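Undergrad:
2 protein chains.
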Amino acid sequence: MFRRNYSSALLEEAVDQLATLPGVGRRTALRLALHLLDQPRENVEQFSGALMRLRQDVRHCPVCGMISDDGVCPLCGDTRRDATVVCVVESLRDVLSIENTGQYNGLYHILGGIISPIDGVGPGDLRIRELGERLAQGGIQEVVLALSTSMEGETTAYYLYKQIAQYPVTVTSIARGVGFGDDLEYTDELTLGRSITNRQPFKP
Amino acid sequence: MFRRNYSSALLEEAVDQLATLPGVGRRTALRLALHLLDQPRENVEQFSGALMRLRQDVRHCPVCGMISDDGVCPLCGDTRRDATVVCVVESLRDVLSIENTGQYNGLYHILGGIISPIDGVGPGDLRIRELGERLAQGGIQEVVLALSTSMEGETTAYYLYKQIAQYPVTVTSIARGVGFGDDLEYTDELTLGRSITNRQPFKP
Chain A
112 MFRRNYSSAL LEEAVDQLAT LPGVGRRTAL RLALHLLDQP RENVEQFSGA LMRLRQDVRH
172 CPVCGMISDD GVCPLCGDTR RDATVVCVVE SLRDVLSIEN TGQYNGLYHI LGGIISPIDG
232 VGPGDLRIRE LGERLAQGGI QEVVLALSTS MEGETTAYYL YKQIAQYPVT VTSIARGVGF
292 GDDLEYTDEL TLGRSITNRQ PFKP
Chain B
112 MFRRNYSSAL LEEAVDQLAT LPGVGRRTAL RLALHLLDQP RENVEQFSGA LMRLRQDVRH
172 CPVCGMISDD GVCPLCGDTR RDATVVCVVE SLRDVLSIEN TGQYNGLYHI LGGIISPIDG
232 VGPGDLRIRE LGERLAQGGI QEVVLALSTS MEGETTAYYL YKQIAQYPVT VTSIARGVGF
292 GDDLEYTDEL TLGRSITNRQ PFKP
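Going down the list, the protein sequences come from chains A and B. This note's numbering numbers the first residue of the first sequence as 112 and each following residue consecutively. This note's numbering numbers the first residue of the second sequence as 112 and each following residue consecutively.
Written out as structure tokens, the structure reads:
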């Protein structure tokens, strides 16, 4: 552990702030701070400016809730995507993960969280009303629930399922099963059980 | 590799900037950017402000060259330290590393670099004149050279040695040898040879 006496309150403050980043300890924070000290002043201005602007000027797509600099996001605006399918996710992270697979061509709906009474998050805090409005407008045939399998995720999925029931859409959920490369031996019983129940025709 | 389409130029710019940090790839940069997006706006303002201030308001100790918010640094100003010994290092990083050992109680002199003709760094670009001034003032009895063993480090050490010769001080160099926990088998010949030449009385 590095001692906290860096001979400079400025350096110490910068290290304190950098150490708040996930996965960054004080030792790494010091390394990052010294790196920034070595950079030209304009670079550091650009660096901190970019982070500040990200947080201050962030806007959200009025349709799906994705971050978007100006109005409807490029995903919702892309006419090549299948607008009859909407995938409901908790956050932007999930959208990026699913987009990264290249296996989904529909639209998204970001809830902005998950129902969690312990954290004081109720249905009213999430973008559930907006989902209802999208469904009421018509055109959507399938809603894919891609929420986590935690207690909160299941609760949210069930709540959404009840809410969606009034619209003429199919509700699906992403498949659960043994991951590629995972050993059966080390897969938890719930996942392995589900993957047997939902077994698929073998395609050689 | 994450695709670059984040639907937001603001997010992309923040990721680009975070990815310039040492040891941070684009995937980690995205994780950090999304973390900052989740934080309250004031926190992100404090975060980027601290980094900006570090670079803009940084001041150096007029004596040793250490970064210092206001005048002489706490190390040079500490009367409990032995002002007759000055350890010459390349950078602030080295001072922090040596301080971390808790084995040194003298003062420092930061050169701010190392003589490197390839990089266009000559003796005039380093704080060598300032070292001469400190020695000319008297009171210093020993100068410890703690420079790297690279070609540039050796050149700088030799140059300093010649410059210091005119003052009545002892010039020493940090010990080179086999590190604690290192296998003799994997130690390079130069280091192992030096550690045999400089062998010490055994203290059981």
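Even glycine gets a Cβ: it sits at the ideal position worked out from N, Cα and C. Predicted, not measured: the structure shown is a model, and the values here were computed from it.
1) Starting from TYR219 of chain B and walking both ways along the beta strand (DSSP E), at which residues does that stretch end?
2) Quick one: what does DSSP say ALA194 of chain B is sitting in, helix, strand or coil?
3) Apart from the five residues on each side of it in sequence, which residues of its chain come closer than 7 Å, Cβ to Cβ, to GLN274 of chain B?
4) Using a cut-off of 7 Å between C-beta atoms, extract the partners of SER118 of chain A located in chain B.
5) Residues of chain A with CB under 7 Å from ALA161 of chain B, in chain order?
6) Less than 8 Å separating the beta-carbons of VAL196 of chain B and VAL255 of chain B?
7) Please return the same chain residues whose Cβ sits closer than 6 Å to the Cβ of LEU132 of chain A, not counting the five positions on each side in sequence.
8) For SER227 of chain B, name the three-state secondary structure that DSSP assigns.
9) Which chain A residues sit within Cβ distance under 8 Å of HIS146 of chain B?
10) What first and last residue would you give for the beta strand (DSSP E) that runs through GLU253 of chain A?
11) Taking 8 Å as the CB-CB limit, is GLN157 of chain B close to chain A?
12) Strictly under 8 Å for the Cβ-Cβ distance: is ARG142 of chain B near chain A by that measure?
13) Could you tell me whether any Cβ in chain B is nearer than 8 Å to the Cβ of VAL280 of chain A?
14) Starting from LEU246 of chain A, find everything on chain B with Cβ-Cβ shorter than 8 Å and list it in chain order.
15) Measure the C-alpha to C-alpha separation of GLN311 of chain B and GLU201 of chain B and round it to an integer number of angstroms.
16) Taking the straight line between their C-alpha atoms, what separation do you get for VAL126 of chain B and ARG137 of chain B?
17) Could you tell me the alpha carbon to alpha carbon distance between ALA100 of chain B and GLU123 of chain A, rounded to whole angstroms?
18) Can you list, in chain order, the residues of its chain with a C-beta nearer than 7 Å to that of CYS172 of chain B? Leave out the 5 residues immediately preceding and following it.
19) Comparing the C-beta of GLN214 of chain B with each C-beta of chain A, is any distance below 8 Å?
20) Shorter than 8 Å from the beta carbon of ALA169 of chain B to some beta carbon of chain A?
21) Are three or more beta carbon pairs between the stretch 158-167 of chain B and the stretch 143-151 of chain A nearer than 8 Å?
22) Can you check which of these residues, A:ASN309, A:VAL206, A:LEU237 and A:THR302, is closest to ASN216 of chain A by C-alpha distance?
23) Give me the chain A residues within the contact set of LEU203 of chain B, using Cβ-Cβ distance strictly less than 7 Å, ordered along the chain.
24) Cβ atoms of TYR270 of chain A and ILE226 of chain A: under 8 Å apart, would you say?
25) For LEU237 of chain B, which residues of its own chain have a beta-carbon under 8 Å away from its beta-carbon, when the five flanking residues on both sides are left out?
26) Are the C-beta atoms of ARG191 of chain B and some chain A residue less than 8 Å apart?
27) At 7 Å on the CB atoms, spell out the chain A contacts of LEU165 of chain B, in chain order.
28) What does ARG152 of chain A touch in chain B if you count any residue whose Cβ is under 7 Å from its own?
29) Starting from THR308 of chain A, trace the alpha helix (DSSP H) both ways and give me its first and last residue.
30) Quick check on THR302 of chain A - is its C-beta less than 8 Å from some C-beta in chain B?
31) Going by DSSP, what residue range makes up the beta strand (DSSP E) through VAL316 of chain B?
32) To which residues of the same chain is MET262 of chain A closer than 6 Å at the C-beta, ignoring the five residues directly before and after it?
33) Return the Cβ separation of ILE209 of chain A and ALA257 of chain A in integer angstroms, given the expectation that the two are a contact with Cβ distance under 8 Å.
34) Within the continuous beta strand (DSSP E) that includes THR281 of chain A, where are the two ends?
35) Does DSSP put VAL206 of chain B in a helix, a strand or coil?
TA: Looking at the coordinates:
1) 217-221
2) strand
3) ILE239 and GLY243
4) MET177, ILE178, SER179, CYS184, PRO185 and LEU186
5) GLU124, ALA125 and GLN128
6) yes
7) none
8) strand
9) LEU132 and PRO133
10) 253-256
11) It does; some Cβ of chain A falls within 8 Å.
12) yes
13) no
14) None at all; the shortest Cβ gap to chain B is about 23 Å.
15) 28 Å
16) 7 Å
17) One cannot answer for residue 100 of chain B here, as it falls past the ends of chain B, which runs 112 to 315.
18) SER179, VAL183, CYS184 and CYS187
19) no
20) Residue identity differs from the one stated: residue 169 of chain B is Val in this sequence, not Ala. Yes, contact with chain A.
21) yes
22) A:VAL206
23) Within chain A, the residues near LEU203 of chain B are LEU145.
24) yes
25) LEU222, GLY223, GLY224, ILE225, ILE226 and THR267
26) It does not: the Cβ of ARG191 of chain B has no partner Cβ on chain A nearer than 8 Å.
27) LEU121, LEU122, ALA125, ALA144, LEU147 and LEU148
28) ARG166 and GLN167
29) Its alpha helix (DSSP H) spans residues 300-308.
30) no
31) Any answer about residue 316 of chain B is impossible in this case: the structure gives chain B only from 112 up to 315.
32) none
33) 7 Å
34) 281-284
35) Here VAL206 of chain B carries a helix assignment [DSSP, helix/strand/coil].
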